[in-house]
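Here full-length UniProt numbering is used: the first residue of the sequence shown is 1, the next is one more, and so on.
From the three backbone atoms N, C-alpha and C, an ideal C-beta is built for every residue, glycine too.
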Amino acid sequence: MENKVALITGAARGIGLATSQLLLSRDWRVAMIDRDGDALDAAIGTDKGAKAFYCDVSDPDDVSEMAVAVTEAFGRIDAVVNNAGVADFGPIGETDFARWRRVMKTNLDGVFLVSQATLPALKESRGALVNIASISGLRASTLRVAYGTSKAGVIQLTRQQAAELGEFGIRANCICPGPVRTKLAMAVHSQDIIDAYHDAIPLNRYGTETEIAECIAFLCSDQASYVTGQVLAADGGFEATGVGLP
Ligand code: NAD
């Protein structure tokens, strides 16, 4: 059988790039999707199993074209990792509608659009969806009205997908990472937030991109063949403590 194919959004850096590299090292072929062309060009590397596709996941036309192009290029899609995301830390009173929509368009609309566009291919492969939410989707905070709400939406969308798509042999699971030192996080984590996370997380540290990628790889793999509709907090134990988000 030909090697399996994973489609990974937000693959130009951070958790998406680490996941692409991990799956390539395990003999998957990988469609690396991102809207940042320069970063994607720099990330693609020399592995012949990887191909780059420029796409804004919040744009329905872009997503339809990308899904066709990936299916034509690889002939199949076995796993879709909805990882592209943007951060925004702001309270309700300071979040105007444009700011709210910017977050929702990528973080929630993007997951819906990419999942829907790749559904025919996933039905054929009896494949897997892995959606990246956040611990910010599990807890309320005074700072994350748009980001936290978008990620709570991703958690519920995952459950909807698991309930509806199980009959086609498609599994859908969700990962809620704790803090990881990526460009996205470090743009919004002040030193006070970093210190508070270190105190609040039982393992007393941020996670790494590779630690999250390992969880994603498991949920994409046949080793997780009876796991669907689950929400996995990969967060150093933060969620277990009941402590509020910093
Ligand atoms: P990152 O900024 O390093 O990478 C995100 C990638 O997504 C970038 O390459 C960016 O260009 C791409 N992207 C953004 N919007 C896009 C769009 N509309 N279309 C296509 N590509 C787009 O961020 P990261 O920390 O690796 O985040 C990956 C995911 O993990 C996000 O969904 C994020 O919300 C989630 N997450 C991150 C953390 C953390 O602390 N880093 C914690 C919890 C959840």
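| Query | Result |
| --- | --- |
| If you measure between the beta carbons of V30 and S20, is that distance less than 7 Å? | yes |
| Compute the beta-carbon to beta-carbon distance between A162 and A172, rounded to the nearest angstrom, for a pair I have assumed lies under 8 Å. | 4 Å |
| Taking only runs of the alpha helix (DSSP H) that begin and end inside the stretch 50-95, which ones reach a length of at least 4 residues, in chain order? | 60-74 |
| Could you check the C-alpha separation between A128 and M104 for me, to the nearest Å? | 23 Å |
| Would you list the residues sitting across from N131 in a DSSP beta bridge? | N82 and C174 |
| Taking the beta carbon of F238 as the centre, do at least 16 other beta carbons fall within 10 Å, making it buried, or is it exposed? | buried |
| Could you please give me the residues that DSSP links to L7 through a beta bridge? | A31 and V80 |
| So, C55 versus D47, is the Cβ gap smaller than 7 Å? | no |
| Within a Cβ cutoff of 6 Å, which residues of the same chain sit near N131, ignoring the five residues on either side of it in sequence? | N82, V111, V154, T158 and C174 |
| Return helix, strand or coil for L122, following the three-state DSSP convention. | helix |
| Return helix, strand or coil for L138, following the three-state DSSP convention. | coil |
| Can we count D36 as close to the ligand NAD, meaning its CB is less than 6 Å from some heavy atom? | yes |
| In whole angstroms, what separates the C-alpha of L22 from that of T9? | 15 Å |
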